[in-house]
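Chains A and B supply the protein sequences, listed in that same order. As numbered in the numbering used here, residues 8 to 493 make up the first sequence, in order. As numbered in the numbering used here, residues 8 to 493 make up the second sequence, in order. C-beta atoms are modelled at their ideal positions from N, C-alpha and C, and glycine is treated no differently. Predicted, not measured: the structure shown is a model, and the values here were computed from it.
Protein chains: 2
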Amino acid sequence: MGDRLPDSPDFAVDQAALLAALGRILPPGRVYGEPEDLRPYECDGLTAYRNLPLAVALPETEAEVQAILQLCHRLQVPVVPRGAATGLSGGAMPHHQGLLLSLAKFKKILKVDPVARTALVQPGVRNLAVSEAAAPYNLYYAPDPSSQIACTIGGNVSENSGGVHCLKYGLTVHNVLQVRGYTMAGEPVTFGSAALDAPGFDLLALLNGSEGMLAVITEVLVKLTPKPQVAKVVLAYFDSVTKAGNAVAEVIAAGIIPAGLEMMDKPATHAVEPYVKAGYDLDAEAVLLCESDGTPEEVEEEIAAMRAVLEKSGATSLRVSANEAERLRFWAGRKAAFPAVGRITPDYLCMDGTIPRKRVAEMLTAIAAMEKKYGLRCANVFHAGDGNLHPLIMYDANQPGELERATAFGAEILELSVALGGSITGEHGVGVEKITQMCAQFTPEELARFEGIKQSFDPAGLLNPGKAIPTPARCREYRQTRGEQA
Amino acid sequence: MGDRLPDSPDFAVDQAALLAALGRILPPGRVYGEPEDLRPYECDGLTAYRNLPLAVALPETEAEVQAILQLCHRLQVPVVPRGAATGLSGGAMPHHQGLLLSLAKFKKILKVDPVARTALVQPGVRNLAVSEAAAPYNLYYAPDPSSQIACTIGGNVSENSGGVHCLKYGLTVHNVLQVRGYTMAGEPVTFGSAALDAPGFDLLALLNGSEGMLAVITEVLVKLTPKPQVAKVVLAYFDSVTKAGNAVAEVIAAGIIPAGLEMMDKPATHAVEPYVKAGYDLDAEAVLLCESDGTPEEVEEEIAAMRAVLEKSGATSLRVSANEAERLRFWAGRKAAFPAVGRITPDYLCMDGTIPRKRVAEMLTAIAAMEKKYGLRCANVFHAGDGNLHPLIMYDANQPGELERATAFGAEILELSVALGGSITGEHGVGVEKITQMCAQFTPEELARFEGIKQSFDPAGLLNPGKAIPTPARCREYRQTRGEQA
Numbered sequence: 008m009g010d011r012l013p014d015s016p017d018f019a020v021d022q023a024a025l026l027a028a029l030g031r032i033l034p035p036g037r038v039y040g041e042p043e044d045l046r047p048y049e050c051d052g053l054t055a056y057r058n059l060p061l062a063v064a065l066p067e068t069e070a071e072v073q074a075i076l077q078l079c080h081r082l083q084v085p086v087v088p089r090g091a092a093t094g095l096s097g098g099a100m101p102h103h104q105g106l107l108l109s110l111a112k113f114k115k116i117l118k119v120d121p122v123a124r125t126a127l128v129q130p131g132v133r134n135l136a137v138s139e140a141a142a143p144y145n146l147y148y149a150p151d152p153s154s155q156i157a158c159t160i161g162g163n164v165s166e167n168s169g170g171v172h173c174l175k176y177g178l179t180v181h182n183v184l185q186v187r188g189y190t191m192a193g194e195p196v197t198f199g200s201a202a203l204d205a206p207g208f209d210l211l212a213l214l215n216g217s218e219g220m221l222a223v224i225t226e227v228l229v230k231l232t233p234k235p236q237v238a239k240v241v242l243a244y245f246d247s248v249t250k251a252g253n254a255v256a257e258v259i260a261a262g263i264i265p266a267g268l269e270m271m272d273k274p275a276t277h278a279v280e281p282y283v284k285a286g287y288d289l290d291a292e293a294v295l296l297c298e299s300d301g302t303p304e305e306v307e308e309e310i311a312a313m314r315a316v317l318e319k320s321g322a323t324s325l326r327v328s329a330n331e332a333e334r335l336r337f338w339a340g341r342k343a344a345f346p347a348v349g350r351i352t353p354d355y356l357c358m359d360g361t362i363p364r365k366r367v368a369e370m371l372t373a374i375a376a377m378e379k380k381y382g383l384r385c386a387n388v389f390h391a392g393d394g395n396l397h398p399l400i401m402y403d404a405n406q407p408g409e410l411e412r413a414t415a416f417g418a419e420i421l422e423l424s425v426a427l428g429g430s431i432t433g434e435h436g437v438g439v440e441k442i443t444q445m446c447a448q449f450t451p452e453e454l455a456r457f458e459g460i461k462q463s464f465d466p467a468g469l470l471n472p473g474k475a476i477p478t479p480a481r482c483r484e485y486r487q488t489r490g491e492q493a
Numbered sequence: 008m009g010d011r012l013p014d015s016p017d018f019a020v021d022q023a024a025l026l027a028a029l030g031r032i033l034p035p036g037r038v039y040g041e042p043e044d045l046r047p048y049e050c051d052g053l054t055a056y057r058n059l060p061l062a063v064a065l066p067e068t069e070a071e072v073q074a075i076l077q078l079c080h081r082l083q084v085p086v087v088p089r090g091a092a093t094g095l096s097g098g099a100m101p102h103h104q105g106l107l108l109s110l111a112k113f114k115k116i117l118k119v120d121p122v123a124r125t126a127l128v129q130p131g132v133r134n135l136a137v138s139e140a141a142a143p144y145n146l147y148y149a150p151d152p153s154s155q156i157a158c159t160i161g162g163n164v165s166e167n168s169g170g171v172h173c174l175k176y177g178l179t180v181h182n183v184l185q186v187r188g189y190t191m192a193g194e195p196v197t198f199g200s201a202a203l204d205a206p207g208f209d210l211l212a213l214l215n216g217s218e219g220m221l222a223v224i225t226e227v228l229v230k231l232t233p234k235p236q237v238a239k240v241v242l243a244y245f246d247s248v249t250k251a252g253n254a255v256a257e258v259i260a261a262g263i264i265p266a267g268l269e270m271m272d273k274p275a276t277h278a279v280e281p282y283v284k285a286g287y288d289l290d291a292e293a294v295l296l297c298e299s300d301g302t303p304e305e306v307e308e309e310i311a312a313m314r315a316v317l318e319k320s321g322a323t324s325l326r327v328s329a330n331e332a333e334r335l336r337f338w339a340g341r342k343a344a345f346p347a348v349g350r351i352t353p354d355y356l357c358m359d360g361t362i363p364r365k366r367v368a369e370m371l372t373a374i375a376a377m378e379k380k381y382g383l384r385c386a387n388v389f390h391a392g393d394g395n396l397h398p399l400i401m402y403d404a405n406q407p408g409e410l411e412r413a414t415a416f417g418a419e420i421l422e423l424s425v426a427l428g429g430s431i432t433g434e435h436g437v438g439v440e441k442i443t444q445m446c447a448q449f450t451p452e453e454l455a456r457f458e459g460i461k462q463s464f465d466p467a468g469l470l471n472p473g474k475a476i477p478t479p480a481r482c483r484e485y486r487q488t489r490g491e492q493a
């Protein structure tokens, strides 16, 4: 504990003084300092990394957020913002010398405007709640991370979350118009506008995916999308993962942009089926879910085109959802893949590399070899259409050495992603988990520019320190170690 | 001359030494230093602002670009990159103490990939040339600024250009996947990737619209879009600009996202018609062009929906393009609006504010009052669907006082845009033209952040200095003047 943020400078914070000062801003019950109260905040979805913060604060108003940030800025206290903490890279893991700032009470949907097709929401609003509020107007919020029941819009912005439909409808950055918040110094800031473009540098896109390092978000204006009249999904089964991987490239090459194009291998479907009863064929080595949405005529035409390509690519059998209930059941299997794998293994690490679509089959072959090398199983669940991989490496933290082997397995996947022309993360962020691999992805000059941008927002370096941007020392060490191995 | 960049620091450059050093990098004929050779480079599309540079360089290879930047970095010479110089805000106006770096010879289309639907092009490739190269595959490059015959992709990225179809298909930032280039220090840099998202801060969006201040672009990977099967445009005439403005909001409110939604007022159609013979009704006070594209069924259905809304909004008559030739003719009128206005006035200033759609009618009323106040005519050409205004203020630079009155007229439109909840520029950039209005749009803290980001790429402040980001001194003076007026 307390040693998980080697990339953060050391802060000397007086916990009693911090709690006393917070107590002058927030009423009792919204400031915590006792270990038993801090425990629920010790990690996010990356449970392998934990820290107790010095304090937890739960503001309810923007004025409280501003006052807390001004206080921490004055006292030089690091601040880690947190939404629902469903993140998978440790971006919301607390700083052991700092404040954990929960936005959980910012959960109002302030306005749904069916004419402008926008929703103005607070950052603690759950992703799915936005679509529910928009449903009476036949609109929805398009990005749909698998955690959408629980994850919040503020976290979605911070991680630039995707989802199974992002191939056609874009990531969070493509569906957010404006964000308001506060800098670490407590200055109110607005990113973006209701208009398409704005003068000055494009800071809205910069904020999306900035992992809570530039500003604390207090309000988000999102785009709403008209619900398609019809959606259908094709299940395509394959007798090899290579054929399934190649089929993904073939679908896109045929000029089809599916509303979703996902892939699961046999270990994944075997984990899912007993849990969700999606109806998957358990004999297949891989299944693709390929969705079409639009008008009934468009969907009919596109499904026919998809079938033709998938058959030509060697699918052993195809099944089209007969109705909306079946379509949702097919997707429920995919969306529940992570918890389903969680049922069959004590622990798992979820990787998030992206690679060019045409390299999917190659990556799957390499992962199979790594399973043997590290003596660990891996279930593969891919946002195949955009080349975003989610290999789930299964391990048991109570078995000595397994966490280390799983971590090395994951690191090898990420470094292969970079070598194949891809990147170490598609949508889950860097956080603490992939901070070393940033040294593989970027040059020292590139990392210095990230740090320069960070400093232009937070010169004191107090907002979520030690995340996402590695120190030069870490990268020097990384390169030395790699050099010695080579 | 030479006094047009008050926001740039002073540089002491030895022209002879610079020319000699450039002569060691480039062969004769690709370095200019004589006034008659520099003259063609003295301005971009904003002809009211001119400067002769000390030298012009025309590199042909990335190695030459890198060597020139390393040289200028070492000698502390400011560098202004330039594409086709069709920009309308002076972003490519030379620095009187610096080098004008023309990318005109970077005009190769390196690869068109119909499977990945991408084109890899050099920055000096013309916008329309990309679509022409993609046409054999039934693909095109979606952003279509009115200058698309002449303007280049490098400039499009630098200004984040839009076009008449950007409401549906997005701006440049939404259609560019990756950009390669060099920092001022000559370091090679890559922004973005072929994947949807990448780790680290989103610098690709930051580069789009950065007005040549962060890096010199040498290669751009753009997305290609399938050509729609059919496109049709509705011309809707109105007997008042207010009704036309309101109709724009009604179309969007009805759940329609037109492929284009443009508006011209009577002075604009009267300028255009003798020039292009588009067939516009010259008695109408305003005309809307409302386009639908997609499958034949989609277009038929959407055109019917558009007609219904436009009739209900008070259109006096409607006309739907009968065939592709007529559709192109209707658009030709809109696309030629700027040169057409150029035929009827010695000079004009084109503004570029954006406002919320529902304020369009209000803005038009205010502009009519400003015409009287400043004694100048204004033709209005709007990307109405996204609230992006292009009022063309007509003046004669040879009449004493007219340029000053036109500038004040433009400034009042921009400040009203901000007051109505909009911004001072939608797609033309800030450059030198709107640098004062940046003080109206942004706080000193926001401008300091822009400057911080600029410095993280270009600590020496040599790349396109004096553009887009006003000095604190300018904004202090601006606020004092405004305070005195108030």
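Cβ-based neighbour list, residue i, same chain, cut-off 7 angstroms, excluding 5 preceding and 5 following
{"i": "residue 222 of chain A", "result": "188, 189, 190, 196, 214, 464"}
{"i": "residue 50 of chain B", "result": "56, 57, 100"}
{"i": "residue 146 of chain B", "result": "121, 124, 231, 232, 233, 234"}
{"i": "residue 312 of chain B", "result": "261, 263"}
{"i": "residue 210 of chain B", "result": "198"}
7 angstroms Cβ cutoff, residue i in contact with chain B
{"i": "residue 86 of chain A", "result": "no"}
{"i": "residue 22 of chain A", "result": "no"}
{"i": "residue 398 of chain A", "result": "no"}
N-terminal and C-terminal residue of the alpha helix (DSSP H) that residue i is part of
{"i": "residue 299 of chain B", "result": "That residue, residue 299 of chain B, is in no alpha helix (DSSP H); its beta strand (DSSP E) goes 293-301."}
{"i": "residue 355 of chain B", "result": "Unbroken run through residue 355 of chain B is the beta strand (DSSP E), 354-357; no alpha helix (DSSP H)."}
{"i": "residue 423 of chain A", "result": "409-426"}
{"i": "residue 256 of chain B", "result": "248-260"}
{"i": "residue 342 of chain A", "result": "331-342"}
CB contact flag (residue i, residue j, <7 angstroms)
{"i": "residue 218 of chain B", "j": "residue 475 of chain B", "result": "yes"}
{"i": "residue 86 of chain A", "j": "residue 108 of chain A", "result": "yes"}
{"i": "residue 118 of chain B", "j": "residue 110 of chain B", "result": "no"}
{"i": "residue 294 of chain A", "j": "residue 244 of chain A", "result": "yes"}
{"i": "residue 442 of chain A", "j": "residue 407 of chain A", "result": "no"}
Sequence-distant residues of its chain with Cβ nearer than 6 angstroms to residue i (five each side left out)
{"i": "residue 267 of chain B", "result": "171, 172, 298"}
{"i": "residue 15 of chain B", "result": "472, 473"}
{"i": "residue 78 of chain B", "result": "28"}
{"i": "residue 236 of chain B", "result": "302"}
{"i": "residue 264 of chain B", "result": "175"}
{"i": "residue 326 of chain B", "result": "242"}
Residue-chain proximity (residue i, chain A), Cβ-Cβ < 7 angstroms
{"i": "residue 350 of chain B", "result": "no"}
{"i": "residue 369 of chain B", "result": "no"}
{"i": "residue 430 of chain B", "result": "yes"}
{"i": "residue 57 of chain B", "result": "no"}
{"i": "residue 213 of chain B", "result": "yes"}
{"i": "residue 216 of chain B", "result": "yes"}
{"i": "residue 460 of chain B", "result": "yes"}
Range of the contiguous beta strand (DSSP E) that encloses residue i
{"i": "residue 191 of chain A", "result": "Unbroken run through residue 191 of chain A: none, as it is neither H nor E."}
{"i": "residue 208 of chain B", "result": "Run containing residue 208 of chain B: none; DSSP gives neither H nor E here."}
{"i": "residue 270 of chain A", "result": "267-272"}
{"i": "residue 326 of chain B", "result": "324-327"}
{"i": "residue 434 of chain B", "result": "Where residue 434 of chain B is concerned, there is no enclosing beta strand (DSSP E), given that its DSSP letter is neither H nor E."}
Close Cβ partners of residue i (< 8 angstroms) along its chain, the five nearest in sequence each way excluded
{"i": "residue 402 of chain B", "result": "352, 353, 354, 355, 356, 383, 409, 410, 412, 413"}
Requested in this report: May I have a chain-ordered list of the beta strand (DSSP E) segments no shorter than 3 residues that lie completely inside the segment 78-105 of chain B?
Outcome: 86-89
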